[in-house]
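One line per chain: the protein sequences are A and B, in this order. Just so you know, we're using numbering that gives the first Met the number 0 here: the first sequence kicks off at 0 and counts up by one. Just so you know, we're using numbering that gives the first Met the number 0 here: the second sequence kicks off at 0 and counts up by one. We treat Cβ as the ideally placed atom computed from N, Cα and C, and that holds for glycine. Worksheet: one structure, shown below.
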Amino acid sequence: MERSPGRVWRAWLTRAGLLGLLVLIAGCSQNYHQTTLLPRSDITRLIDDLFMTTVWWAVVVFVLVEGALVYALFRFRSRPGDPEPEQTHGNTTVEIIWTVIPAVILAFIAVPTVKTIVKTSLPAPNPQVDVEVIGHQWWWEYRYPKLGVVTANELVVPVGKMVNLRMWSADVLHSWWSPQLASKRDVFPIFNNTRDKKINPLWFTADSVGDYSGQCAELCGIQHARMGLRVIVKSEADFESWVAKERVGSPLVEGGKVAAAIDSAWKADTVHTKGQAAFMSGGCIACHAMVGTPLAGALNLRGPNLSHTGGRTTIGANMYENTPSMLAQWLRDPQGMKQGSHMVLPRPLTEAEISALVAYLRMHQ
Amino acid sequence: MATSVLEHKAPAIPHHYPKTGFWSWITTVDHKRIGILYGATAFIFFLIGGIEAVIMRLQLIGPNGKLVDPDTFNALFTMHGTTMIFLGVMPLSAFFFNFFIPLQIGARDVVFPRLNAFSYWVFLLGAIFINVSFLVGAPPDGGWFGYANLTSARMIPSTAAAPAPGLNIDFWVIGLQILGIASIAAALNFFVTIINLRAPGMTLLRMPMFVWMSFIVQILLLLAFPVITVALVFLMMDRNFGTSFFMPDGGGDPVMWQHLFWIFGHPEVYILILPAFGIASEVLPVFSRKPLFGYTAMVFSGVFIAFVGFGVWSHHMFATGMGPFADTFFSLATMVIAIPTGVKIFNWIGTLWGGSLRFTTAMLFAVGMVALFIVGGLSGVMHASPPADLQQTDTYFIVAHFHYVLFGGSIFGLAAGAYYWWPKIFGRLLDEKLGKAHFWLTFIGMNLTFFPMHYLGLHGMPRRVYTYPEGLGFEFLNQVETVGAFVIVLAFLLFIVNIIKTWMGPANAPADPWHGATLEWSIPSPPQEFNFPNLPRVGSSVPQWDAWRAAGGKLPEPVRVSGDDIHMPNPSYWPLMAAIGLTILMSSLMLIRQWDYWYAITLFGTAWLFFSVYRWAFEPTGH
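Structure representation (structure tokens):
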């Protein structure tokens, strides 16, 4: 069919407008490192497609309805000497039409919604990496039961493998949210009698290597805002070597026991021995598991497992860069660094203890 | 009808109550004075809630804000939400219910005038009670939604840094119960009033739309508040008596709190917005010189919204992981609500269409409400979709959504009502120039503050965070929002200036400055105590326009009459006394964990309450 120049012009204008909006939305996303608008996994791409469907319908409805409203405001404004307008009380045909049209539009949103619900809320179709996520005030614990890894705050996963999270909480409600990779799920406190009922699943397959920011999304107390997290997507080989490193002294591998060779190497290293002494005498061991200590194999302690702190990029639940000076500052004044956190020093640490601890924690990567 | 009571000759009862001055306000049972008390109180709390919001905006103007402590910030957003909902928008609606339901249905008062006074005093004392928490340094900090088990106290092992829970949440749990009693009593009163006291000829389908929407709101209040009350009592018992309704370690379930809370919480949204819908449905026709388009459709869409509104609560809980069936049900039910809401918006546009529009301040606010509510409605459909909601819930996207609905919707609607009805209430017309400046600044400030929140939420900024780190790209939009908040502050300062200026001017408003359609415009401004010297007869939903047409286009200014032979209820101290007794009784529950003999105060408050109710029951009722 031959189209009139006017129609072609309008069609192009519409396309350009829509494209402009798309560029605006995507362009604005470049500087955002926790955005939902640049999905990087299978599940967030499904969600994003659905969301964009609703956005386009919303734009259409917005333009038409607000357009009609604004048109009426200009067209029917009163002028001096206006006669009384016709006293219409309604129009059944029109009213039926504007009841049916929204219903039809909603059907166009409802059908993809239900399809996406089915795709996203069923159990992981093909789980390849299992991780248990445990929310604590105000940090995240990750356990890889099959790989024998226990770590905190930074979830490390291989690219292209379906990661299956099973999540619960050790205290109050939290919500684990990784906007680019996995959307969010609330996590609920479980005790023995509710163990199976309240474990919430979430799965995703990351499609690009990188660091992704996220954080707790359910109010969980004073430091809710700083219950950050990070998902580090590595290539498969990098992930393998990370797992190999993390397995050393993990509570899930022989209860935290390490090979005799490693143990004697540590005992010969003054950084390790001095640090460990400070770790014991400073009271750290009351809440933290650590390689080489008697409680290396402990699970369910109050604070995060510190065995491989040196290998993490941040401390304080994605709050500070993991540098020697930040770590020292944290040990000097945890309440000043994160007010209200459950980390309370039994006694102030000496500067000598702090530097020994910093070296010790950084040594174990 | 109660006309039999109202029309017989008053017995001559001597009474010692003053007619003017301070004590006349303390003892008043006049629905108009109680309305004004509601309005003044609610406006003060609205300003307090606004100050809380401004402090939060200042904290968030840049990353790593240090203006307030994290726990202070948690208290600010908890109290901002609680204040705006329970102490701001709901009582501002009650302001208009009180003043205009009797006037619009042609009645001389509500059915239970002293119960009406009791509702106000309980509301006032509850509002003060919950804000006293700031003075004793224990403001509620668990969010306006108070999710268990964060609020259940014994869950969290205490440390030196985070000691055993204080009274913060107790203020909230008990304060909301007190406010709930006020709301239920008031709802019952208005419900019965609308059923029984309509003027002859005013069938249900001739009621003004504001009365209709108010009627629906009373039903919602009566059905929703008992649910939150039960939930609050459970939570109180978990906190004080070692029960485990919401405690997983005792076999309870924190998700049950969420279900109970939102079975109340979602209808509460309609409790907040339907009065504004009603006001817009009054204002738009009057300033379009056309009756409301599709009256019947407006009534039934309101009824439908309210009814289905009880079946969508779990859309607040998609992130809890309810499974595909529940997600689908609550998603589709929520989308269905968009249809009657759309019908309302189209009918408002239909009312404007073909009319002769006068852009008074009231009209601007009403049109602004329609325009802004559309935005909130569209974002609402977006997170009615559970997978999309998994990215949006608990983020600033939701904050944007409900501020378009509750600020753009409710507050704009209430502001329209204030400008429209001010001359009727106070006999003075608000200044239109200042009013228009108020409107435009509010409109601009509102969009500056809340529109960028859509983007912030989609870019990953969660709600209820006392700060955010640099590097996530949140800085610029947060700055814009803080600027917007100050534009809103400026707008409401102008409103206050307008009120003061009007107050100092002469009370010379005519009975009907707008050419209104409903009965309140047929009597002098402000109305006399008895409202109508003779009960009006009603033949349509626009009785005043009927009278105007019958009179050939010109109605004489109504004259004030002595009204000596009109039987009106006596003023009374006992509603206030009963409210004080109730507040003492409820306050004693704060001491359960603090003092072994807390129940002594409970008994004292109960005795006070019963004595007051006894005196109330045997007091002479009319003059």
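From what residue to what residue does the alpha helix (DSSP H) around residue i run?
i                 : result
Tyr467 of chain B : Looking at the DSSP string, Tyr467 of chain B is not in any alpha helix (DSSP H), and its letter there is neither H nor E.
Val282 of chain B : Pro253 to Ser287
Glu352 of chain A : Glu350 to Met362
Pro542 of chain B : Pro542 to Ala549
Tyr294 of chain B : Tyr294 to Val307
Lys343 of chain B : Pro323 to Leu351
Gln328 of chain A : Pro323 to Arg331
Gln250 of chain A : Reading off the sequence, residue 250 of chain A comes out as Pro, not Gln. From DSSP, Pro250 of chain A is part of no alpha helix (DSSP H); its letter is neither H nor E.
Is residue i near residue j, with beta carbons less than 8 Å apart?
i                 : j                 : result
Gly444 of chain B : Ile487 of chain B : yes
Phe276 of chain B : Lys343 of chain B : yes
Arg288 of chain B : Pro178 of chain A : no
Ser354 of chain A : Ser306 of chain A : no
Phe61 of chain A  : Leu377 of chain B : yes
Tyr37 of chain B  : Pro90 of chain B  : yes
Trp347 of chain B : Phe75 of chain A  : no
Ala288 of chain A : Trp137 of chain A : no
Gly49 of chain B  : Arg197 of chain B : no
Ala109 of chain A : Leu66 of chain B  : no
Phe364 of chain B : Ala415 of chain B : yes
Phe238 of chain A : Val162 of chain A : no
Phe72 of chain B  : Met83 of chain B  : no
Tyr319 of chain A : Gly472 of chain B : no
Ile25 of chain B  : Leu575 of chain B : yes
Lys31 of chain B  : Phe98 of chain B  : yes
Lys118 of chain A : Leu45 of chain A  : yes
Ser92 of chain B  : Ala184 of chain B : no
Asp70 of chain B  : Gly339 of chain A : yes
Gly213 of chain A : Gln86 of chain A  : no
Asn148 of chain B : Pro274 of chain B : no
Ile338 of chain B : Ile35 of chain B  : no
Gly125 of chain B : Ile43 of chain B  : no
Using DSSP with H/G/I as helix, E/B as strand and the rest coil, what is residue i?
i                 : result
Asn188 of chain B : helix
Met154 of chain B : Per-residue confidence for Met154 of chain B stands at a pLDDT of 49, beneath the threshold of 50, marking its modelled position as unreliable; no derived number is given.
Ile133 of chain A : strand
Arg142 of chain A : strand
Val226 of chain B : helix
Thr40 of chain B  : helix
Ala151 of chain A : strand
Pro38 of chain A  : coil
Tyr613 of chain B : helix
Val135 of chain B : coil
Val290 of chain A : coil
Tyr31 of chain A  : coil
Arg44 of chain A  : helix
Tyr596 of chain B : coil
Leu356 of chain B : strand
Val158 of chain A : coil
Tyr403 of chain B : helix
Ile314 of chain A : strand
In the DSSP assignment, find the unbroken beta strand (DSSP E) run with residue i in it and report its ends.
i                 : result
Gly483 of chain B : Careful: Gly483 of chain B lies outside any beta strand (DSSP E), inside the alpha helix (DSSP H) at Glu474 to Met503.
Ser168 of chain A : Met161 to Ser168
Ala577 of chain B : Careful: Ala577 of chain B lies outside any beta strand (DSSP E), inside the alpha helix (DSSP H) at Trp573 to Ser586.
Arg229 of chain A : Gly227 to Lys233
Using only CA atoms, which one of the options lies nearest to residue i?
i                 : options                                   : result
Ala236 of chain A : A:Pro157, A:His88, A:Leu105 and A:Arg346  : A:Pro157
Thr322 of chain A : A:Val290, A:Arg361 and A:Leu294           : A:Arg361
Trp256 of chain B : B:Leu204, B:Met212, B:Trp312 and B:Tyr419 : B:Trp312
Gly504 of chain B : B:Asp511, B:Val496 and B:Ala510           : B:Val496
Phe299 of chain B : B:Leu203, B:Arg536 and B:Met235           : B:Leu203
Met321 of chain B : A:Leu172, A:Asp332 and A:Arg184           : A:Arg184
Ser151 of chain B : B:Asp326, B:Glu519, B:Phe245 and B:Phe617 : B:Phe245
Could you check whether the Cβ of residue i sits closer than 7 Å to any heavy atom belonging to the ligand ATP?
i                 : result
Thr312 of chain A : As presented, the structure is devoid of all ligands, the ligand ATP included, so that no description of it is given.
At what residue ranges does the stretch 172-215 of chain A contain a whole run of the beta strand (DSSP E), taking only runs of 3 or more? 173-177, 182-186, 199-204 and 209-215
What residue ranges within the stretch 373-401 of chain B form continuous alpha helix (DSSP H) runs of no fewer than 4 residues, ordered along the chain? 385-391
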